[in-house]
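Chemist: Those letters in the sequence shown? Residues 1 to 203, by full-length UniProt numbering. Just so you know, even glycine gets a beta-carbon here, dropped at the ideal spot from N, CA and C. Okay, here's the structure, questions in a sec.
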Amino acid sequence: MRAIIDALVDRNHSVTVLVSSSSPTVPHTRKERFDFNVFKVNTKKEEASAVWSDFIHLWINETANKYETVLNIWRVLTNFMELVDDICKGMFYNEDLLHTLRESHYDVLFSDPMMPCTDLMAETLNIPHVLSLRLTFAYTFERLCGQMPAPPSYVPAIALQDHLTDRMSFTERVENMLLYIVHTTIFRLNMKFTFDPIYTEIS
1 MRAIIDALVD RNHSVTVLVS SSSPTVPHTR KERFDFNVFK VNTKKEEASA VWSDFIHLWI
61 NETANKYETV LNIWRVLTNF MELVDDICKG MFYNEDLLHT LRESHYDVLF SDPMMPCTDL
121 MAETLNIPHV LSLRLTFAYT FERLCGQMPA PPSYVPAIAL QDHLTDRMSF TERVENMLLY
181 IVHTTIFRLN MKFTFDPIYT EIS
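Pasting the structure below:
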(Lines of atoms letter the chains of each structure in order from A; the text may use other names.)
(Lines give C-alpha, C1' and ligand atoms only; values in the text may rest on other atoms or scores of the structure.)
Protein backbone atom coordinates (compact mmCIF):
# COMPACT_ATOMS: atom_id res chain seq x y z
CA MET A 1 0.00 0.00 0.00
CA ARG A 2 2.87 2.37 0.75
CA ALA A 3 4.03 2.21 -2.87
CA ILE A 4 0.55 3.17 -4.07
CA ILE A 5 0.30 6.03 -1.58
CA ASP A 6 3.72 7.34 -2.67
CA ALA A 7 2.65 7.12 -6.32
CA LEU A 8 -0.52 9.10 -5.56
CA VAL A 9 1.49 11.80 -3.76
CA ASP A 10 3.98 11.92 -6.67
CA ARG A 11 1.01 12.67 -8.94
CA ASN A 12 0.01 15.60 -6.70
CA HIS A 13 -2.95 13.89 -5.06
CA SER A 14 -3.79 14.86 -1.50
CA VAL A 15 -3.63 11.76 0.71
CA THR A 16 -4.79 11.34 4.31
CA VAL A 17 -4.06 8.11 6.19
CA LEU A 18 -6.70 7.21 8.76
CA VAL A 19 -5.07 5.17 11.51
CA SER A 20 -5.96 4.01 15.01
CA SER A 21 -3.84 5.00 18.00
CA SER A 22 -3.10 1.31 18.60
CA SER A 23 -1.65 0.61 15.15
CA PRO A 24 1.66 -1.26 15.52
CA THR A 25 2.50 -1.02 11.82
CA VAL A 26 1.87 2.62 10.85
CA PRO A 27 4.43 5.08 12.32
CA HIS A 28 1.98 7.99 12.44
CA THR A 29 4.30 10.23 14.49
CA ARG A 30 6.87 10.33 11.68
CA LYS A 31 6.95 13.24 9.22
CA GLU A 32 5.57 12.19 5.83
CA ARG A 33 4.50 13.77 2.53
CA PHE A 34 0.89 12.96 3.39
CA ASP A 35 -1.34 13.64 6.38
CA PHE A 36 -2.32 11.34 9.22
CA ASN A 37 -5.69 11.39 10.95
CA VAL A 38 -5.26 9.41 14.17
CA PHE A 39 -8.34 8.29 16.10
CA LYS A 40 -8.23 7.00 19.66
CA VAL A 41 -9.12 3.43 20.62
CA ASN A 42 -9.06 1.58 23.94
CA THR A 43 -6.66 -1.13 22.76
CA LYS A 44 -3.02 -0.47 23.57
CA LYS A 45 -0.37 -0.69 20.86
CA GLU A 46 1.26 -3.68 22.60
CA GLU A 47 -2.05 -5.57 22.66
CA ALA A 48 -2.66 -4.90 18.97
CA SER A 49 0.89 -5.97 18.19
CA ALA A 50 0.32 -9.26 20.05
CA VAL A 51 -2.81 -9.95 17.98
CA TRP A 52 -0.87 -9.39 14.75
CA SER A 53 2.02 -11.54 15.99
CA ASP A 54 -0.41 -14.39 16.69
CA PHE A 55 -1.86 -13.98 13.21
CA ILE A 56 1.59 -14.10 11.56
CA HIS A 57 2.63 -17.06 13.71
CA LEU A 58 -0.51 -18.92 12.64
CA TRP A 59 0.26 -18.15 9.01
CA ILE A 60 3.81 -19.55 9.08
CA ASN A 61 3.43 -22.30 11.69
CA GLU A 62 3.85 -25.66 10.00
CA THR A 63 4.11 -27.85 13.09
CA ALA A 64 0.44 -27.85 14.09
CA ASN A 65 -1.76 -30.67 12.86
CA LYS A 66 -4.97 -29.88 11.00
CA TYR A 67 -7.20 -29.93 14.10
CA GLU A 68 -4.85 -27.64 16.02
CA THR A 69 -4.74 -25.36 12.99
CA VAL A 70 -8.53 -24.99 12.93
CA LEU A 71 -8.64 -24.28 16.68
CA ASN A 72 -5.79 -21.79 16.36
CA ILE A 73 -7.53 -20.02 13.49
CA TRP A 74 -10.69 -19.67 15.60
CA ARG A 75 -8.71 -18.37 18.60
CA VAL A 76 -6.78 -15.84 16.52
CA LEU A 77 -9.96 -14.68 14.78
CA THR A 78 -11.70 -14.21 18.13
CA ASN A 79 -8.85 -11.99 19.38
CA PHE A 80 -8.78 -10.17 16.06
CA MET A 81 -12.51 -9.49 16.22
CA GLU A 82 -12.14 -7.83 19.62
CA LEU A 83 -9.61 -5.51 18.00
CA VAL A 84 -11.98 -4.95 15.05
CA ASP A 85 -14.82 -4.04 17.41
CA ASP A 86 -12.62 -1.49 19.18
CA ILE A 87 -11.40 0.07 15.92
CA CYS A 88 -14.86 0.28 14.35
CA LYS A 89 -16.35 1.90 17.43
CA GLY A 90 -13.34 4.21 17.65
CA MET A 91 -14.14 5.46 14.16
CA PHE A 92 -17.92 5.60 14.17
CA TYR A 93 -18.51 6.81 17.74
CA ASN A 94 -16.13 9.72 17.17
CA GLU A 95 -18.39 12.50 15.90
CA ASP A 96 -15.49 14.94 15.43
CA LEU A 97 -13.69 12.42 13.22
CA LEU A 98 -16.79 11.75 11.12
CA HIS A 99 -17.43 15.49 10.73
CA THR A 100 -13.81 16.08 9.64
CA LEU A 101 -13.96 13.25 7.11
CA ARG A 102 -17.27 14.48 5.67
CA GLU A 103 -16.02 18.06 5.39
CA SER A 104 -12.84 16.94 3.61
CA HIS A 105 -14.84 15.69 0.59
CA TYR A 106 -12.52 12.86 -0.36
CA ASP A 107 -12.79 11.30 -3.82
CA VAL A 108 -12.08 7.69 -2.86
CA LEU A 109 -11.35 5.48 0.14
CA PHE A 110 -8.39 3.16 -0.48
CA SER A 111 -7.86 0.49 2.17
CA ASP A 112 -6.25 -2.73 3.26
CA PRO A 113 -8.86 -5.37 4.20
CA MET A 114 -7.11 -5.79 7.55
CA MET A 115 -8.39 -2.32 8.46
CA PRO A 116 -11.96 -3.07 9.54
CA CYS A 117 -15.16 -1.22 8.71
CA THR A 118 -13.66 0.66 5.76
CA ASP A 119 -16.52 -0.49 3.54
CA LEU A 120 -19.00 1.00 6.00
CA MET A 121 -16.93 4.20 6.19
CA ALA A 122 -16.94 4.53 2.39
CA GLU A 123 -20.71 4.05 2.43
CA THR A 124 -21.07 6.65 5.20
CA LEU A 125 -18.98 9.16 3.22
CA ASN A 126 -20.73 8.16 -0.02
CA ILE A 127 -17.47 7.63 -1.92
CA PRO A 128 -16.00 4.71 -3.90
CA HIS A 129 -14.07 2.05 -1.99
CA VAL A 130 -10.92 0.38 -3.38
CA LEU A 131 -9.28 -2.59 -1.63
CA SER A 132 -5.65 -3.67 -1.83
CA LEU A 133 -6.04 -7.40 -1.20
CA ARG A 134 -3.15 -9.87 -1.34
CA LEU A 135 -4.70 -13.17 -0.30
CA THR A 136 -6.77 -14.83 2.40
CA PHE A 137 -6.96 -18.39 3.74
CA ALA A 138 -8.49 -20.61 1.02
CA TYR A 139 -9.13 -17.41 -0.96
CA THR A 140 -12.27 -16.94 1.13
CA PHE A 141 -12.61 -13.15 0.69
CA GLU A 142 -11.74 -13.42 -2.98
CA ARG A 143 -14.28 -16.18 -3.64
CA LEU A 144 -17.18 -14.97 -1.50
CA CYS A 145 -16.74 -11.21 -1.83
CA GLY A 146 -14.89 -10.82 -5.13
CA GLN A 147 -16.48 -13.71 -7.06
CA MET A 148 -13.04 -15.11 -7.94
CA PRO A 149 -13.32 -18.51 -9.64
CA ALA A 150 -11.35 -21.02 -7.57
CA PRO A 151 -12.27 -24.65 -8.29
CA PRO A 152 -10.90 -26.72 -5.37
CA SER A 153 -9.74 -29.46 -7.74
CA TYR A 154 -7.17 -27.10 -9.24
CA VAL A 155 -6.63 -24.14 -6.89
CA PRO A 156 -4.81 -25.01 -3.62
CA ALA A 157 -6.26 -23.52 -0.45
CA ILE A 158 -2.89 -21.89 0.39
CA ALA A 159 -3.55 -22.32 4.10
CA LEU A 160 -0.48 -23.80 5.74
CA GLN A 161 -0.07 -26.68 3.32
CA ASP A 162 2.71 -25.79 0.88
CA HIS A 163 2.65 -29.27 -0.64
CA LEU A 164 -0.56 -28.66 -2.59
CA THR A 165 -0.20 -27.45 -6.18
CA ASP A 166 -2.47 -27.22 -9.22
CA ARG A 167 -1.67 -30.91 -9.88
CA MET A 168 -3.18 -32.89 -7.02
CA SER A 169 -3.87 -36.55 -6.44
CA PHE A 170 -7.36 -37.65 -5.43
CA THR A 171 -6.36 -37.65 -1.74
CA GLU A 172 -4.87 -34.16 -2.03
CA ARG A 173 -8.03 -32.91 -3.75
CA VAL A 174 -10.12 -34.28 -0.90
CA GLU A 175 -7.78 -32.57 1.58
CA ASN A 176 -8.02 -29.32 -0.40
CA MET A 177 -11.82 -29.54 -0.53
CA LEU A 178 -11.93 -30.03 3.24
CA LEU A 179 -9.70 -26.97 3.70
CA TYR A 180 -12.08 -24.92 1.55
CA ILE A 181 -15.07 -26.14 3.58
CA VAL A 182 -13.38 -25.44 6.94
CA HIS A 183 -12.16 -21.96 5.98
CA THR A 184 -15.47 -21.01 4.38
CA THR A 185 -17.39 -22.21 7.46
CA ILE A 186 -15.09 -20.30 9.82
CA PHE A 187 -15.45 -17.18 7.65
CA ARG A 188 -19.26 -17.37 7.54
CA LEU A 189 -19.56 -18.03 11.29
CA ASN A 190 -17.15 -15.20 11.97
CA MET A 191 -19.20 -12.83 9.82
CA LYS A 192 -22.49 -13.89 11.40
CA PHE A 193 -21.44 -13.76 15.04
CA THR A 194 -18.92 -10.91 14.98
CA PHE A 195 -19.14 -8.58 11.99
CA ASP A 196 -22.94 -8.62 11.70
CA PRO A 197 -23.50 -7.44 15.32
CA ILE A 198 -20.76 -4.80 15.00
CA TYR A 199 -22.16 -3.42 11.74
CA THR A 200 -25.73 -3.54 13.05
CA GLU A 201 -24.72 -1.61 16.16
CA ILE A 202 -22.78 1.17 14.45
CA SER A 203 -24.77 1.62 11.23
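Enumerated in chain order, which unbroken segments of the alpha helix (DSSP H) with a length of 4 residues or greater are wholly contained in the segment 102-130?
Modeler: With a minimum length of 4 residues, the continuous alpha helix (DSSP H) runs that stay inside the segment 102-130 are 118-125.
Chemist: At 4 residues or longer, and completely inside the segment 40-76: list those alpha helix (DSSP H) runs for me, N to C.
Modeler: With a minimum length of 4 residues, the continuous alpha helix (DSSP H) runs that stay inside the segment 40-76 are 45-60.
Chemist: Pick from 156, 139 and 23: whose alpha carbon is nearest that of residue 84?
Modeler: Among 156, 139 and 23, the Cα nearest to that of residue 84 belongs to 23.
Chemist: Taking 8 Å as the threshold, find out whether the segment 82-100 comes into contact with the segment 40-50 through three or more Cβ pairs.
Modeler: The segment 82-100 vs the segment 40-50: in contact.
Chemist: Residue 58 and residue 37 - do their beta-carbons sit closer together than 9 Å?
Modeler: For residue 37 and residue 58, no; Cβs fall outside 9 Å.
Chemist: Do you know offhand how far residue 9's Cα is from residue 152's?
Modeler: Spanning the two alpha carbons is a distance of roughly 40 Å.
Chemist: Could you check where the beta strand (DSSP E) with residue 26 kicks off and where it finishes?
Modeler: Run containing residue 26: none; DSSP gives neither H nor E here.
Chemist: Run the CB neighbour count on residue 139, radius 10 Å, all protein chains shown included, and call it buried at 16 or more, exposed below.
Modeler: Label assigned to residue 139: buried.
Chemist: Rounded to the nearest angstrom, what separates residue 102 and residue 125 at their Cα positions?
Modeler: Approximately 6 Å, taken between the alpha carbons.
Chemist: Report the partner residues of residue 37 according to the DSSP bridge assignment.
Modeler: Partner(s): 18.
Chemist: Just curious, the alpha helix (DSSP H) that residue 143 is in, first and last residue?
Modeler: Looking at the DSSP string, the run of the alpha helix (DSSP H) that includes residue 143 is 140-144.
Chemist: Closest Cβ-Cβ distance between residue 190 and chain C: below 9 Å?
Modeler: The chain labelled as chain C is not found in the depicted structure, where only one protein chain is given.
Chemist: How many angstroms separate the CA atom of residue 6 from the CA atom of residue 20?
Modeler: Computed Cα separation, rounded: 20 Å.
Chemist: If you run the structure through DSSP and keep just helix, strand and coil, what is residue 3?
Modeler: In the structure shown, residue 3 sits in a helix (DSSP, three-state: H, G or I).
Chemist: Starting from the C-beta of residue 80, find all residues in its chain whose C-beta is less than 7 Å away, skip the five residues before and the five after it, and write them out in chain order.
Modeler: These residues qualify, in order along the chain: 51 and 55.
Chemist: Rounded to a whole number of angstroms, what is the C-alpha to C-alpha distance between residue 186 and residue 155?
Modeler: Taking the straight line from one Cα to the other gives about 19 Å.
Chemist: Who are the Cβ neighbours of residue 189 in its own chain at under 7 Å, not counting the five residues just before and after it?
Modeler: Contacts found: none.
Chemist: What are the start and end residues of the alpha helix (DSSP H) that includes residue 182?
Modeler: From DSSP, the alpha helix (DSSP H) with residue 182 extends over 170-190.
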